[in-house]
Amino acid sequence: MASQSQGIQQLLQAEKRAAEKVADARKRKARRLKQAKEEAQMEVEQYRREREQEFQSKQQATPSSTRRTLSSSLSFTYLILAGARHFLAQTPPPAGHLDYRAKDPVGT
Numbered sequence: 077m078a079s080q081s082q083g084i085q086q087l088l089q090a091e092k093r094a095a096e097k098v099a100d101a102r103k104r105k106a107r108r109l110k111q112a113k114e115e116a117q118m119e120v121e122q123y124r125r126e127r128e129q130e131f132q133s134k135q136q137a138t139p140s141s142t143r144r145t146l147s148s149s150l151s152f153t154y155l156i157l158a159g160a161r162h163f164l165a166q167t168p169p170p171a172g173h174l175d176y177r178a179k180d181p182v183g184t
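Per the working numbering, residue 77 is the first one in the sequence shown, and the count goes up by one each step.
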């Protein structure tokens, strides 16, 4: 009887360790997803700044009739960037994955 009780205790301890490992893995994954999202947003902003700078330099070097074309091009670029931001903010993670937008279920 004592060995059976000891076996049950070992199983409970193993289950607890497994649950801790899963919780730790979820925390690491949430941190990686948050970091990836932040990096993607930084890349989008860097791209926007580069395009804005390119637009400003071209605008100063071209006559006013051509500026309208450049302005349309820049507007299109802003639409693309807005779509990228929307995608990053609205796209849910794949099924079975931790939602990086949700609070950490463990509380850290």
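All residues carry an ideal CB built from backbone N, CA and C; glycine is no exception.
query, result
"Spatial distance of residue 79 from residue 98 (CA atoms)", "28 Å"
"Cβ-based neighbour list, residue 160, same chain, cut-off 6 Å, excluding 5 preceding and 5 following", "120"
"Expected contact under 8 Å - CB spacing of residue 157 and residue 124 to nearest Å", "5 Å"
"Three-way DSSP call (helix, strand, coil) for residue 138 in this model", "coil"
"Contact check, residue 131 vs residue 155, beta carbons under 8 Å", "no"
"Beta-carbon proximity of residue 117 to residue 164, cut-off 8 Å", "yes"
"Straight-line Cα distance separating residue 90 from residue 83", "11 Å"
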